[in-house]
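> Next up is a structure, given as structure tokens.
Numbering (this note's numbering), first residue to last: 456 to 745.
This is the structure we're talking about:
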């Protein structure tokens with residue numbers, strides 16, 4: 456039975472604290488707030504882990520990260536995910552993302568999907584990129600790919616992972632509302648793995664808080680991508696037949712201190728138990744929910 460489509464949108468590294476949906480001072484998620492008015496909002500949702508691989512495995516299998524203990528060097532075996540169960544029930548399944556841990560990685564998190572769209576060799580010039588992510592298109596590309604994929608399918612289940620909110624934060628100019636030349640220069644100089652510069656003491660933690668301005672622009676961009684996706688489904692007459700889940704795989708640290716003397720301040724993700732790394736938005740709309 457495939458009367459209801461299933462759509463999981465995962466905004467990578469999106470922490471709840473910086474969403475206007477949950478009271479943040481900047482209007483980072485205006486569309487998500489509008490969408491949430493006709494949805495169920497979980498204000499205290501926590502991610503299964505503080506980084507991509509174990510969190511996605513938990514979301515795909517329903518198994519807590521502490522229980523599955525999945526390591527990056529392991530490989531997902533067949534028969535454990537909701538996507539395989541949906542495929543067995545007659546759904547077409549698809550994964551859309553340029554996250555290298557999800558598509559084409561040896562861990563096999565893309566194996567349960569019949570269709571996988573990762574980083575293309577070439578793409579239309581409409582999708583602008585920059586910095587060290589210059590070989591990757593942004594989330595608008597994958598939203599359009601997903602929408603096109605749904606056109607000739609009656610029952611489908613898909614996961615869209617958006618890397619727009621992942622470091623190094625490269626929003627389009629129209630969404631980069633709160634940073635300035637100083638912040639953009641800092642971001643460009645530090646590159647993709649800037650968190651190690653903080654841990655090594657090469658860069659003051661004060662700079663991490665400066666990056667919040669451009670991070671917020673990246674969140675605003677992800678919100679616009681989500682709006683484009685929802686509008687596309689609505690135009691196709693599919694929105695009211697689709698279960699939509701919007702969340703994040705983990706949060707992000709921007710220099711927040713910790714109460715533990717053995718733990719460094721939170722910078723980026725994957726290291727630490729800070730709440731900013733785990734508290735994520737979670738919005739669920741069932742078909743026809745108003």
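Positions of the beta carbon are idealized from the N, C-alpha and C atoms, including for glycine.
Hey, would you say the C-beta of residue 610 is under 7 Å away from at least one heavy atom of the ligand FAD?
Ligands displayed in this structure: none; no statement on the ligand FAD is therefore possible.
> When we look at the beta-carbon of residue 507 and count the other beta-carbons within 10 Å, is it buried (16 or more) or exposed?
buried
> Determine the extent of the beta strand (DSSP E) in which residue 611 is found, giving its start and end residues.
611–617
> With H, G and I counted as helix, E and B as strand and the rest as coil, what does DSSP make of residue 709?
strand
> Can you pull the DSSP bridge partners for residue 497?
737
> Can you find the residues in the same chain that come closer than 6 Å, C-beta to C-beta, to residue 419, ignoring five residues on each side of it along the sequence?
Here the chain covers residues 456 to 745 and nothing more, so residue 419 does not appear.
> Suppose the cutoff is 6 Å on Cβ atoms and the five residues either side in sequence are ignored; what does the same chain contact list for residue 667 look like?
709
> Nearest-angstrom Cα distance between residue 499 and residue 703?
Straight across, the Cα-Cα distance linking residue 499 with residue 703 is about 13 Å.
> Are the beta-carbon atoms of residue 674 and residue 620 separated by less than 8 Å?
yes
> Would you kindly check if the distance between the Cβ of residue 539 and the Cβ of residue 740 is under 8 Å?
Against a cut-off of 8 Å, the Cβ pair of residue 539 and residue 740 comes out as no contact.
> Going by DSSP in three states, residue 593 sits in which element: helix, strand or coil?
coil
> Please report how far the alpha carbon of residue 692 lies from the alpha carbon of residue 461, in whole angstroms.
Taken atom to atom, the span from the alpha-carbon of residue 692 to that of residue 461 is near 14 Å.
> So is residue 664 buried or exposed if we call it buried at 16+ other beta carbons inside 10 Å?
Exposed, since its Cβ has fewer than 16 Cβ neighbours within 10 Å.
> How would you label residue 548, buried or exposed, when you count the other beta carbons within 10 angstroms and need 16 or more for buried?
Around the beta carbon of residue 548, a 10 Å sphere encloses 16 or more other beta carbons of the protein chains shown; the residue is thus reported as buried.
> Can you give the beta carbon distance from residue 486 to residue 682, rounded, assuming they're within the 8 Å contact cut?
Between residue 486 and residue 682, the beta carbon gap of about 4 Å places them in contact (Cβ cut-off 8 Å).
> Compute the distance between the beta-carbons of residue 698 and residue 742, then report whether it is under 8 Å.
yes
> Classify residue 606: buried if its beta carbon has 16 or more other beta carbons within 10 angstroms, exposed otherwise.
exposed
> Go to residue 573, then tell me how far its alpha helix (DSSP H) extends in each direction, as first and last residue.
Per DSSP, residue 573 belongs to no alpha helix (DSSP H) and is neither H nor E.
> Between which two residues does the alpha helix (DSSP H) carrying residue 678 extend?
667–690
> Among the candidates 515, 732 and 676, whose CA atom is the shortest distance from the CA of residue 628?
Distance from the Cα of residue 628 is smallest, within the candidate group 515, 732 and 676, for 676.
> Determine whether the beta carbon atoms of residue 468 and residue 707 lie at a separation below 8 Å.
yes
> Quick check on this structure: which residue in 612, 573 and 530 has the alpha carbon closest to the alpha carbon of residue 562?
530
> Taking DSSP's pairing of strands, which residues face residue 508 in a bridge?
BP columns for residue 508 are empty, so no partner.
> So residue 486 is in the alpha helix (DSSP H); what residue range does that whole segment cover?
485–491
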